[in-house]
Every structure is written in C-alpha cells, then in structure tokens.
Amino acid sequence: MIPKPGKTPMYVSSCLPISLLPTISRKAYTQKINKELNPQDWIPDHQFGFRQSHSTVQQYHHIKDAINKLMENQQYCTAPLLDVSQAFDKVWHPGLLLKIKRILLSSYFNQLKSYLNESQFETKFNRET
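The sequence shown maps to residues 1244 to 1372 in our numbering.
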C-alpha cells in the first residue's frame, strides 16, 4: 500500500493498493478489444471514463459549455451532480457482467468475468498477511 499524498497512512482509505495486474497487459487487452469492437458503437457519448482522449477535465468542460449555452438562451439549467468515490469497487458486478456479455465476444467476456469474480487482494505489513 502506498499512502496518498497528504493523508494519514494509518487508515486503509488513505492508501493506494499496488496492483499486480500489469499495465502493459491491460493496455494490450484494451487495444485488442478496441481494434475488434469500435468503442463508438458501444460506449455512450456522455461517458468519459475509460475512453481514450476523454478525461474528467473534458467532462467538466462539456458540462460547463452546456450550462453556458442554456444561460445564453435564457433557459433553465438543472444538473444533478454525483461524486462516486471508488465507483469500480462498489459497482454491482453481476449487473456489469450482464451488460458486458451483450457487447463483448465470449472469450473477452470470460476473461473479464474471471478478473471480476476470481481476483483477490492481499495486504502484507511487516511480513504479516
């Protein structure tokens, strides 16, 4: 576990885990899926996470531009804002897998299912598990 900057390392929520899932294999996997399945066909335009050249900063600008256009046209603007911390950790995995199964080829689906259902996280401190 690596302490988050400016946080007290005494709490688990103040630390980042060290993942053994290699970045290179994640990138290769993502590139392979994107090559076979065009992300524009299955990722909604309003989703900015997990998309190349899309970031939270761009999502902010997208929302800000929409609000400015409405204000210029003297229209009302309402926006529910939701801050979901640790969203991936809290997602309902069976529902996520159901959606993924509709889109991905079975070989990709089985790999992701294995990752979501069979992966474990272990923490060691002073050689103790």
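All C-beta atoms in this analysis are idealised placements derived from N, C-alpha and C, irrespective of residue type, glycine included. Since we're looking at a predicted model, the values are computed, not measured.
Checklist entry - By DSSP, does leucine 1259 sit in helix, in strand, or in coil? => result Translated into positions along the sequence shown, residue 1259 becomes position 16. Three-state result, leucine 1259: strand.
Next on the checklist: Quick check: the Cα distance between leucine 1341 and histidine 1289, rounded to an integer number of angstroms?
Outcome noted: Position 98 of the sequence shown holds residue 1341. Position 46 of the sequence shown holds residue 1289. Leucine 1341 and histidine 1289: Cα-Cα distance of roughly 21 Å.
Item to check | Strand pairing of isoleucine 1216, partner residues [DSSP] | outcome: No statement about residue 1216 is possible, as the shown extent of the chain runs from 1244 to 1372 and does not include it.
Item to check | leucine 1313 to isoleucine 1286 span [Cα, whole Å] | outcome: Within the sequence shown, numbered from 1, the residue matching residue 1313 stands at position 70. Within the sequence shown, numbered from 1, the residue matching residue 1286 stands at position 43. Each residue's alpha carbon lies about 26 Å from the other.
Checklist entry - What first and last residue would you give for the alpha helix (DSSP H) that runs through phenylalanine 1352? => result By 1-based counting over the sequence shown, the position of residue 1352 is 109. Note, phenylalanine 1352: alpha helix (DSSP H), 1349 to 1361.
Next on the checklist: With three or more C-beta pairs closer than 8 Å as the rule, is the region 1336 to 1354 touching the region 1270 to 1287?
Outcome noted: Because the criterion of three Cβ pairs below 8 Å is met, the region 1270 to 1287 and the region 1336 to 1354 touch.
Next on the checklist: Could you tell me the alpha carbon to alpha carbon distance between arginine 1345 and tyrosine 1303, rounded to whole angstroms?
Outcome noted: Along the sequence shown, read from residue 1 onward, the residue named residue 1345 stands at position 102. Along the sequence shown, read from residue 1 onward, the residue named residue 1303 stands at position 60. Roughly 30 Å separates the two Cα atoms.
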